[in-house]
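Protein chains in written order, with our numbering: chain R, 1145 to 1556; chain F, 17 to 439. Ideal Cβ placement from N, Cα and C applies to all residues, glycine included. No experiment lies behind these values; they were computed from the predicted model shown. This report refers to the structure that appears directly beneath it.
Pasting the structure below:
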């Protein structure tokens, strides 16, 4: 399919940082024309990560943000001041030739700019509009602010990541910015599919705390059905496995500094195979013979196993246990999984894009391959207003003098 | 009002790697038929159980991950069972499977042949390391995927003598499901134009690798390596704490601190109005920060006085955390424009007043038990084609008569197949 599976779709995208930008980067990789819209009035600081570290070659700059380049690859970029009347008029024109509008402002920002769903519909009746924020557009916290870690805290995900008798460890990154972006991408695609078949657009209110809360399903049903809360003595202990129950199941020390290996025995067969590789007397103890026994004695089981793992290299442990059919994996550092992992390399997981200022840069690819309409990342993130001529000129039909005037007036 | 995916038929070969993708589609209106072996799929033996008693119809794990689906049984290593599954696929839009590479072929099921027989079919395989890559024969679980794929390296505590942590909830499978759904939606949209389906491979290990935020892109851009820290982002350089233990013993995420003089003024006002100003030793610094034109943390390194003000702001947040219960801290801060969050347990998130006001949790009828149970609700709110749990998860073979019957299997043959253990 020339130009990609989604080449026929144009999306006006206000999605910033990761929670918004991460959704449309996936659509742009499949060929959608995603137009990142930024406000010219504050010199590109609308998206706080546009110029933020990391910086290639140690050179900072508004056009050199490493995260921005990663999250906005393959998109077009224009500037537009929606606080000006002329800006609003141009946006209505743009919406009239677009299929979807996406944003992750705080609730109410788009409405204050004059573009709630009803007013977007006035510009194009079948528009798909997805708004994504922490708490959604209704309810007592609608005006509250959030970003990834706050969403993770409020949805139970921070709590469910931690070791027994320790405070919550949480997620060491914005898992819910990634995941909120995935729900935003699903919402856009489902709504576009529905529109293609029925001609009907719609508005989607995506509250990331709700999306996040759905990701602890079995724990929630244990509470609503059995009345058992997860906030209780000895819980959570998330390197162990409750659902399903497995033991041993944990992250064990390996030889070397801050080196670890994950081992999971799914059943008695895995345990028998592990015991054979370990080959130490304690593995034959009767209390470890079945799952109930191993769980009842899990602390001492873990201690014994750690005594064995800490004498070997993490990759050697992975190889020996995998050879015996036991799920085991070294805890990989970024260089190990990016540059030395056979799977990510064979998959082509780190495509190189070209950015007008940064130059060539590897970024996150997609963990999927489609046999007929696969994804492509070639271009880096857009410069501020890089595609103004293309969008205002070629698409909306303004001539060079009009575009220059808009620039002078601070509209673009 | 019907779902956005009404009319899309999905055949899901039951697997722990496919069940969430199937649920996401089914709750949006797709007709998802989950195919289990006779007697039920292995995930029906996953905890937790209704009243803690195991049983094929009592797994709450199964209940959650299989809402809105219809359920049939078929033995795929029996010729008639295989044939029935192939005929289902012949009339389907999507076939979703999560077997280890090579497993379906060894059962005599060839996805390419199924697509040849139904050119509109989209087949989706969710595997730990892809269908044929160098690691494709490795055994994997959620834990080992997250360990090898990057998330675990970034999660844990300041104290690196403690092991790094796997976040709970089987998130490696969830992330794979999200990518599976996104990809098959792309394939459905492509099919609207081409009239043809295609094959989609989802690689769970790769999915974890590109769901680690700065863990990957810091290394890709400047080769720096993030290090885990308690309750906050792993970064190449250690940063200030952002998690506090509150007066009621619960924790709060105190965010990235204060950003403008307005924030400092808000904290000073809060301490005053709560009657805590006298007990907080750095009120003067707080008021001085509030009176400044700006507080730019980037400049603090070379400005001891500014550093002192920023420290006072942080100390005020910590002080308030210690004095107040977590929920009060959260609401008080948010009402003053300062983003703070309570670190809820899952059940507390479900019971939160905001989620209650929005009607997040939903009731699902279990007519066989004569009651309804509360389930987590919509991850997104479509105003025309609403998310909805259509029905509770299917019992073993619950829709055999209906589904196999629609393929022309008579009641008599169904009885025979049941006796032979084929369904």
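- Under DSSP, residue 215 of chain F shares a beta bridge with F/139.
- Listed along chain R, the residues sitting closer than 8 Å to residue 181 of chain F by beta-carbon distance are 1305, 1306, 1307, 1313, 1382, 1383, 1395.
- DSSP places residue 320 of chain F in the uninterrupted alpha helix (DSSP H) bounded by 320 to 339.
- The three-state reading of DSSP puts residue 1458 of chain R in helix, counting H, G and I together.
- Proximity to residue 1259 of chain R across R/1278, R/1279, R/1237 peaks at R/1237, based on C-alpha coordinates.
- For the region 271 to 296 of chain F, the set of positions with a beta-carbon nearer than 7 Å to some beta-carbon of chain R reads 271 in chain order.
- Runs of the alpha helix (DSSP H) lying entirely within the region 1314 to 1361 of chain R, each at least 4 residues long, are 1319 to 1342, 1352 to 1357 in chain order.
- Across the structure, residue 181 of chain F and residue 1478 of chain R are spaced so that their CA atoms are roughly 16 Å apart.
- For residue 1504 of chain R, the pairing in a beta bridge is given by DSSP as R/1498.
- For the pair residue 247 of chain F and residue 239 of chain F, the CB atoms are not nearer than the 8 Å cut-off.
- Neighbourhood of residue 199 of chain F in chain R, by CB distance below 7 Å: 1512, 1514, in chain order.
- For residue 68 of chain F, the chain R residues whose C-beta falls within less than 8 Å of its own C-beta are 1370, listed in chain order.
- Contact annotation: residue 1539 of chain R and residue 1223 of chain R have beta-carbon atoms that are not nearer than 8 Å.
- Nearest neighbour of residue 413 of chain F by Cα position, chosen from F/30, F/45, F/332, F/20, turns out to be F/30.
- In terms of beta-carbon proximity, residue 1348 of chain R lines the interface with chain F, with at least one pair separated by less than 8 Å.
- For the C-beta of residue 221 of chain F, the chain R residues within less than 7 Å are, from N- to C-terminus, 1487.
- For residue 1287 of chain R, the three-state secondary structure derived from DSSP is coil.
- In its chain, beyond the 5 residues on either side, 1163, 1166, 1167 have a beta carbon closer than 6 Å to the beta carbon of residue 1325 of chain R.
- The residues 1280, 1299, in chain order, have a CB closer than 8 Å to that of residue 1354 of chain R in the same chain once the five nearest residues on each side in sequence are set aside.
- For residue 1556 of chain R, the secondary structure class from DSSP, reduced to helix, strand or coil, is coil.
- Fully enclosed beta strand (DSSP E) runs of no fewer than 3 residues occupy 1472 to 1474 of the region 1433 to 1496 of chain R, in order along the chain.
- Looking at R/1542, R/1508, R/1180, R/1235, the one whose alpha-carbon comes closest to that of residue 223 of chain F is R/1508.
- Per the coordinates, the alpha-carbon of residue 1495 of chain R lies some 12 Å from the alpha-carbon of residue 1511 of chain R.
- Distance check between residue 373 of chain F and each of R/1216, R/1283, R/1262, R/1226 places R/1283 closest, using alpha-carbon atoms only.
- Secondary structure at residue 195 of chain F: helix, using DSSP grouped into helix, strand and coil.
- According to the DSSP assignment, residue 1296 of chain R belongs to the alpha helix (DSSP H) that extends over 1292 to 1298.
- Between residue 439 of chain F and residue 405 of chain F, the gap from beta carbon to beta carbon reaches 8 Å or more.
- Between residue 165 of chain F and residue 33 of chain F, the CB-CB gap reaches or exceeds 8 Å.
- Below the 9 Å Cβ cutoff, chain F contributes 63, 64, 184 as neighbours of residue 1386 of chain R, in chain order.
- Inter-segment contact for the region 80 to 94 of chain F and the region 1534 to 1553 of chain R is absent: fewer than three beta-carbon pairs are separated by less than 8 Å.
- In this structure residue 1533 of chain R is exposed. Its beta-carbon is surrounded by fewer than 16 other beta-carbon atoms within 10 angstroms.
- Taking each of R/1339, R/1329, R/1226, R/1406 in turn and checking the Cα distance to residue 156 of chain F, the smallest one comes out for R/1406.
- In the DSSP assignment, residue 267 of chain F is bridged to F/261.
- As the crow flies, the alpha-carbon of residue 132 of chain F is around 10 Å from that of residue 212 of chain F.
- If you draw a straight line from the Cα of residue 19 of chain F to the Cα of residue 1244 of chain R, it comes to about 19 Å.
- The residue from R/1499, R/1419, R/1161 with its alpha-carbon nearest to that of residue 1291 of chain R is R/1161.
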